[in-house]
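I have placed the structure first, in the form of structure tokens, so that the comments after it can refer back to it.
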Amino acid sequence: MKPAPFFYHAPTSVDEAVALLQDLQEEDSKVLAGGQSLMPVLNMRLARVKHLIDINKLHDLDYIRPFDGGLAIGALTRHRMAEHSTDVATRAPLITEALPLVGDRQVRFRGTIGGSIAHADPVAELPTIALALDADLVVSKRGGSRTVPASEFFITFLTTAIEDDELLTEIRIPAPPAHSGHAFLELSRQLGTYAIVSAAAVVALDGGRISEARLALGGVGSTPIRALRAEESLRGQAPTIEAFTEAGRLASEATDPSADVHGSIEYRREMAAVYVRRALKVAAERAAVA
Amino acid sequence: MTEIMTRPPKVPVTVRVNGVGYERYVEPRKLLSDFIRQDVGLTGTHVGCEHGVCGACTVIVDGELVKSCLMLAVQAQGSEIMTVEGLAKGGELHPIQQAFHEHHGLQCGFCTPGMLLAALSLLEENPDPTEDEVKVGMDGNLCRCTGYYNIVDSIMAAAGKMK
Ligand SMILES: Cc1cc2nc3c(=O)[nH]c(=O)nc-3n(C[C@H](O)[C@H](O)[C@H](O)COP(=O)(O)OP(=O)(O)OC[C@H]3O[C@@H](n4cnc5c(N)ncnc54)[C@H](O)[C@@H]3O)c2cc1C
Ligand code: FES
Ligand code: FES
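If you read the sequences in order, they're chains Z and E. The first sequence begins at 7 in this note's numbering and counts up one residue at a time. The second sequence begins at 264 in this note's numbering and counts up one residue at a time.
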């Protein structure tokens, strides 16, 4: 099918874009970034918009740079740029590991980091990782910007803290902890399809014990889910398979999956435990040699 | 019903397709895939699913491999587009086309234009891929005739020739 008619705007600066968003906020408008999620929805007429605000000319939002020991990624940075970035590989290797699993080459040529996070699909890789890494999301509107922690950003399925007159402009990722390893693992029917269950883990070791663990899961709730009790259970523990299995059990308890053709609730819960255990094991092995 | 009366005006789109310039006036909602087929008149670019899943509509825009059903024609303003019609030069098949011909890389041919451009983009990035790298790199393109083995063979053969 084809999209229903809309008025098309292509601002060339962030100021111009947020001014448009404010002027049109009562009028059913939407931001178009890479279009890899929005265009299918418009083509199938699952959504209609009166105004489409294309942000592809906001070249100022296409960057990856070191920030405060960590990383700042402009919202319009394409998946493919981040996938091949050495800054991302050293400062946010979870992203480097997950990006080849996002869609296919065509999708990654166009799709943007900001679009994926703003879209907030709970089965998508990047929102889960943003939560695991305690990313800060910078959203801008006319006259200023604010920073929302990932823990407060994802409200529910396809819904975030971004208001109608706001634009996601930057993703800030804190520096990885010392002596840490990471792992992103997902269960999917085949490469390039959305995950059924995914697990993002960061494990830091100090003197042979776990000093810090971070865990987030995708596909098992209306938002990505942070497994805080599982994280706590690991602090001070030796990195053993028993500790990881217990963390998997606790993480699974934090999930709230729904059933679909790809898996029942019980199956997703079980797989959440398995993927958490496996991700922790890989992350700890990498931390040991970090 | 003022909604219906204030239809968005047509906009000019100027592009080069396979080295030839075109200027057309289209509605902003016109998909690049439809623009190439209906307004430029090059029907080698196929439309399968129209929601980004099958890859039949794959073209190269300013060097980037894209599914043209997920781009608006207005977004291609000023771009250089390559479609399947741009592969053969002076009646000579491109080495990738020749390899598909020799290795039976197509059956009905519906997916082939997208396959050829995806293969071209992949080989430009990785001129000497392993078979697994070809399989992973081509995962945005579906073949409903499911002749995947021969597609992979064709691309491996083309890589050998293009080196
Ligand atoms: C075949 C296929 C397979 C895919 N597989 C996967 C997969 O395995 N994993 C995965 O994670 N994704 C997958 N995707 C989706 C892809 O990753 C999208 O690129 C991504 O989800 C959205 O990014 P975008 O830049 O294309 O955003 P768009 O599609 O342009 O926008 C998505 C939404 O975010 C909003 N938005 C975008 N940018 C901003 C901004 N800066 N500020 C405020 N709002 C904004 C838009 O208004 C829209 O609501 C797939 C897509 C396709 C077509
Ligand atoms: S027609 Fe564009 S991907 Fe199927
Ligand atoms: S040859 Fe028929 S769809 Fe691929």
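Where a beta carbon is used, it is the ideal one built from N, C-alpha and C, also for glycine.
Quiz item: Does Z/Ala141 come within less than 9 Å of chain E when only Cβ atoms are used?
Solution: Within the first sequence, residue 141 of chain Z is the residue found at index 135, counting from 1. Answer no: the Cβ-Cβ gap between Z/Ala141 and chain E never drops below 9 Å.
Quiz item: Near E/His357, what residues of its chain come up, given a Cβ to Cβ distance below 7 Å and the 5 sequence neighbours on each side ignored?
Solution: Locating residue 357 of chain E in the second sequence gives position 94, where the first residue counts as 1. Around E/His357: Leu350 and Ala351.
Quiz item: Within 8 Å: the Cβ of E/Lys293 and any heavy atom of ligand 2?
Solution: For the purposes of this step, residue 293 of chain E is identified with residue 30 of the second sequence, where counting begins at 1. No, the beta carbon of E/Lys293 sits no closer than 8 Å to any heavy atom of ligand 2.
Quiz item: What separation, rounded to the nearest whole angstrom, lies between the Cα atoms of Z/Ile59 and E/Thr306?
Solution: Within the first sequence, numbered from 1, the residue matching residue 59 of chain Z stands at position 53. Within the second sequence, numbered from 1, the residue matching residue 306 of chain E stands at position 43. Those two C-alpha atoms are separated by around 30 Å.
Quiz prompt | Which residues DSSP lists as bridging E/Tyr288, in chain order | solution = Within the second sequence, the letter at position 25 stands for residue 288 of chain E. Paired residues: E/Pro275.
Quiz item: Quick one: does Z/Pro180 have its CB under 9 Å from some CB of chain E?
Solution: Counting from 1 along the first sequence, the entry for residue 180 of chain Z is found at position 174. Closer than 9 Å: no.
Practice problem: Helix, strand or coil for Z/Leu173, going by three-state DSSP, please let me know. | Solution: Within the first sequence, numbered from 1, the residue matching residue 173 of chain Z stands at position 167. Assignment of Z/Leu173 by DSSP, reduced to helix, strand and coil, places it in the strand class.
Quiz prompt | Where the alpha helix (DSSP H) containing Z/Phe12 begins and where it ends | solution = As a first step, residue 12 of chain Z is located in the first sequence; it is residue number 6 there, counting from the start. Looking at the DSSP string, Z/Phe12 is not in any alpha helix (DSSP H), and its letter there is neither H nor E.
Practice problem: Express the C-alpha separation of E/Met419 and Z/Ile70 in angstroms, rounding to a whole number. | Solution: Taking the first residue of the first sequence as 1, we reach residue 70 of chain Z at position 64. Taking the first residue of the second sequence as 1, we reach residue 419 of chain E at position 156. Going from the Cα of Z/Ile70 to the Cα of E/Met419 covers about 34 Å.
Quiz prompt | Alpha carbon of Z/Pro99 to alpha carbon of Z/Leu132, nearest angstrom | solution = Position 93 of the first sequence, counting from 1, holds the residue named residue 99 of chain Z. Position 126 of the first sequence, counting from 1, holds the residue named residue 132 of chain Z. Distance between the alpha carbons of Z/Pro99 and Z/Leu132 is about 12 Å.
Quiz prompt | Completely contained alpha helix (DSSP H) runs for the segment 71-120 of chain Z, where each covers 4 or more residues | solution = 85-89, 92-97, 99-104 and 111-116
Self-check item: Coarse secondary structure for E/Met378, derived from DSSP in three states
Solution: Counting from 1 along the second sequence, the entry for residue 378 of chain E is found at position 115. The answer is helix: DSSP assigns E/Met378 an H, G or I state.
Quiz item: My guess is that Z/Pro182 and Z/Val208 are in contact by the Cβ rule of under 8 Å, so how many angstroms apart are they, rounded?
Solution: Translated into positions along the first sequence, residue 182 of chain Z becomes position 176. Translated into positions along the first sequence, residue 208 of chain Z becomes position 202. Yes, Z/Pro182 and Z/Val208 are in contact; Cβ-Cβ is about 7 Å, under 8 Å.
Quiz prompt | Inter-residue spacing [alpha-carbon to alpha-carbon] between Z/Leu197 and Z/Gln243 | solution = As a working mapping, residue 197 of chain Z is identified with position 191 in the first sequence. As a working mapping, residue 243 of chain Z is identified with position 237 in the first sequence. Their backbone Cα atoms lie some 34 Å apart in a straight line.
Quiz prompt | Given Z/His188 as reference, the closest of Z/Lys56, Z/Val203, Z/Leu221 and Z/Asp170 once Cα atoms are compared | solution = The residue labelled residue 188 of chain Z in the question sits at position 182 within the first sequence. For Z/His188, the nearest C-alpha among the options comes from Z/Leu221.
Quiz item: The beta strand (DSSP E) spanning Z/Met7 covers which residue range?
Solution: The sequence position of residue 7 of chain Z within the first sequence is 1, counting from 1. Counting along the chain, Z/Met7 falls outside any beta strand (DSSP E), and DSSP gives it neither H nor E.
Quiz item: Of all the options E/Phe373, E/Ala336, E/Thr375 and E/Pro392, which has the alpha carbon lying nearest to the alpha carbon of E/Val303?
Solution: Numbered from 1 along the second sequence, position 40 holds the residue referred to as residue 303 of chain E. Per the Cα distances, E/Ala336.
Quiz item: So is Z/Tyr200 buried or exposed if we call it buried at 16+ other beta carbons inside 10 Å?
Solution: Taking the first residue of the first sequence as position 1, residue 200 of chain Z is located at position 194. Buried: at least 16 other Cβ atoms inside 10 Å.
Practice problem: Kindly provide the ranges of any beta strand (DSSP E) runs that are 3 or more residues long and lie completely inside the segment 187-225 of chain Z, ordered along the chain. | Solution: 203-212 and 215-224
Exercise. Within the same chain, show all residues whose beta-carbon is closer than 6 Å to that of Z/Arg283, passing over the 5 residues directly before and after it, in chain order.
Key: For the purposes of this step, residue 283 of chain Z is taken as the residue at position 277 of the first sequence. Here the set comprises Phe250, Thr251 and Gly254.
Quiz item: Are Z/Pro245 and Z/Leu286 closer than 9 Å when you measure CB to CB?
Solution: Taking the first residue of the first sequence as position 1, residue 245 of chain Z is located at position 239. Taking the first residue of the first sequence as position 1, residue 286 of chain Z is located at position 280. Yes, the Cβ-Cβ distance between Z/Pro245 and Z/Leu286 is below 9 Å.
Quiz item: Z/Pro9 touches chain A at which residues, Cβ-Cβ below 8 Å?
Solution: As a matter of chain content, chain A is missing from the structure shown, whose protein chains are Z and E.
Self-check item: Where the segment 159-190 of chain Z meets chain E: residues whose CB sits under 9 Å from a CB there
Solution: none
Quiz item: Within the chosen definition, does the segment 162-174 of chain Z reach the segment 86-96 of chain Z through at least 3 CB pairs nearer than 8 Å?
Solution: no
Practice problem: Assign E/Met264 to buried or exposed, taking buried as 16 or more other Cβ atoms, counted over all protein chains shown, within 10 Å of its Cβ. | Solution: Along the second sequence, one-based indexing puts residue 264 of chain E at 1. Because the pLDDT of E/Met264 is 43, which lies under 50, any placement of that residue in the model is unreliable, and the number read from its coordinates should be weighed accordingly. With fewer than 16 other Cβ atoms within 10 Å, it is exposed.
Quiz item: Nearest-angstrom Cα distance between E/Thr321 and E/Leu294?
Solution: As a working note, residue 321 of chain E is residue 58 in the second sequence. As a working note, residue 294 of chain E is residue 31 in the second sequence. Separation of E/Thr321 and E/Leu294 (C-alpha to C-alpha, rounded to the nearest whole angstrom) is 13 Å.
Quiz item: What residue range is occupied by the uninterrupted beta strand (DSSP E) comprising E/Thr321?
Solution: Locating residue 321 of chain E in the second sequence gives position 58, counting from the first residue. Taken as a continuous stretch (DSSP letters only), the beta strand (DSSP E) holding E/Thr321 covers Thr321 to Val324.
Self-check item: First and last residue of the uninterrupted alpha helix (DSSP H) at Z/Leu256
Solution: Within the first sequence, the letter at position 250 stands for residue 256 of chain Z. That run of the alpha helix (DSSP H) goes Ile247 to Glu259.
Quiz prompt | Contact with chain E by Z/Val4, beta-carbon distance below 9 Å | solution = With chain Z covering only 7 through 296, there is no way to say anything about residue 4 of chain Z.
Quiz item: Taking C-alpha atoms, which residue in Z/Gly150, Z/His268 and Z/Ala81 lies nearest to Z/Gly225?
Solution: If you number the first sequence from 1, residue 225 of chain Z lands on position 219. Here the closest residue by C-alpha is Z/His268.
Quiz prompt | Per-residue DSSP class, three states only, for Z/Thr162 | solution = As a working note, residue 162 of chain Z is residue 156 in the first sequence. Note: Z/Thr162 maps to strand in three-state DSSP.
Quiz item: Roughly how many whole angstroms lie between the Cα atoms of Z/Leu193 and Z/Arg84?
Solution: Indexing the first sequence from 1 puts residue 193 of chain Z at position 187. Indexing the first sequence from 1 puts residue 84 of chain Z at position 78. Going by the C-alpha atoms only, they are around 24 Å apart.
Quiz prompt | Reduced DSSP secondary structure (H/G/I, E/B, other) of E/Thr265 | solution = Position 2 of the second sequence, counting from 1, holds the residue named residue 265 of chain E. Confidence in E/Thr265 is poor, its pLDDT being 47 and thus under 50, which makes the residue's placement too unreliable to answer from.
Quiz item: Hey, which residues come within less than 5 Å of ligand 3, measuring from Cβ to any heavy atom, in chain order?
Solution: E/Leu369, E/Gln370, E/Cys371, E/Phe373, E/Cys374, E/Cys406, E/Arg407 and E/Cys408
Quiz prompt | Through-space distance from Z/Arg215 to Z/Val295, alpha-carbon basis | solution = On the first sequence, position 289 is the one that residue 295 of chain Z refers to. On the first sequence, position 209 is the one that residue 215 of chain Z refers to. Those two C-alpha atoms are separated by around 14 Å.
Quiz prompt | Counted within 10 angstroms of its Cβ, other Cβ atoms place E/Asn389 as buried (16 or more) or exposed | solution = For the purposes of this step, residue 389 of chain E is taken as residue 126 along the second sequence, with counting starting at 1. By the neighbour-count criterion, in which a residue is buried when 16 or more other Cβ atoms sit within 10 angstroms of its Cβ, E/Asn389 is exposed.
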